[in-house]
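Down below is the structure, laid out as structure tokens.
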Amino acid sequence: MTTVNHWTPDDIPDQTGRTALITGASSGIGLETARALARHGARVILAGRSQTRLDQAAQTVRATAPGARTNTLVLDLADLSCVRDAATRIAETETVDLLFNNAGVMNLPERRTTRDGLEMTVGTNHLGHFAFDALLWPAVLRSPAPRVVTVSAIAARWPIGRLDDLMSEKNYRAMGAYAKSKRANIVYTLELARRTADTPVTALAVHPGSAMTGLQQHAPAP
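Residue numbering for the sequence shown follows the numbering used here, beginning at 106 and increasing consecutively.
Written as structure tokens, this is what we have:
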């Protein structure tokens, strides 16, 4: 058995020369990921829905890591047209060494839909990322050792309701929809790992633990 000592961001190896693209990077776990990687030399592309908030996040990263190289990318995962435009820009011009599928929504009090008519939680957390990854894949393959990290959650173990009602059209439960999306994240990652087993790509799914971020804005106070 291997004993794992307490890990901190100080243990991140040198990332100089690598580019990390992080969705949901204007706040929460995404912003902390960007700050940590920038401190270790990575260039970071912060992706999110609001250019104003992305600019603020980029300033925060540079304040944490003076001299950090940052870029921003407007990306609304609930709008597949925006996903296509953003991914195409990256696929044509960039090399992405670290791709973090981090953005998400949770516990929406009523059923909402994306611009394309998909249930908002599954549409954003899984399908938007799935489309984004597929379209920017050429940028990932340019890296000699790319990693694709998808932020799932322990909620993936929760009851998800009927599999024939993925869009929750027959029965919407806020956390049921979230559980569906997080389980889909894991299924996607496992299949991506299988398909890239003989390539340099590493596909990982993570449960980051509980953290008070904007994701909890619709949750009860406790």
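Beta carbons: idealized from backbone N, C-alpha and C, even for Gly.
Whole-number beta carbon distance between residue j and residue i, since they are thought to touch under 8 Å
i    : j    : result
L182 : A162 : The Cβ separation is near 17 Å, so there is no contact.
R252 : L309 : 7 Å
A168 : L142 : Actually they are not in contact, since the Cβ atoms of A168 and L142 sit about 15 Å apart, beyond 8 Å.
A250 : R288 : About 28 Å separates the two Cβ atoms, so there is no contact after all.
G153 : S131 : 4 Å
Contacts around residue i, its chain only, beta-carbon distance under 8 Å, and the 5 residues preceding and following it disregarded
i    : result
V188 : L180, D181, L182, G233, A236, F237, L240
A196 : L240, L241, W242, P243, A244
L213 : M225, T226, A279, A282, H323
T218 : E224, M225, G228
Heavy atom of the ligand PLP within 6 Å of residue i beta-carbon
i    : result
S248 : Absent from the structure shown: the ligand PLP. Ligands present: none.
Spatial distance of residue i from residue j (CA atoms)
i    : j    : result
W263 : A284 : 6 Å
E224 : R148 : 34 Å
Q120 : D269 : 43 Å
G129 : T157 : 13 Å
S186 : Y293 : 22 Å
D160 : S248 : 26 Å
T226 : T177 : 24 Å
S286 : N230 : 6 Å
T165 : V210 : 23 Å
T175 : L151 : 7 Å
V46  : G314 : The structure shown does not extend to residue 46, since the chain is modelled only from 106 to 327, so the question has no answer here.
Contacts around residue i, its chain only, beta-carbon distance under 6 Å, and the 5 residues preceding and following it disregarded
i    : result
G135 : I127, G129, N207
P114 : A141
Sequence-distant residues of its chain with Cβ nearer than 7 Å to residue i (five each side left out)
i    : result
A258 : K287, H312
Pairing CB atoms from the segment 298-305 with CB atoms from the segment 275-285, are three or more of them under 8 Å?
no
So within the segment 162-217, which uninterrupted beta strand (DSSP E) runs reach at least 3 residues, ignoring any that extend past its ends?
175-179, 203-206
Quick check for students: name the residue ranges of the alpha helix (DSSP H) that lie wholly in the segment 215-285, counting only runs of 4 or more.
234-246
Alpha helix (DSSP H) segments (min. 4 residues) lying fully within the segment 127-157
133-144
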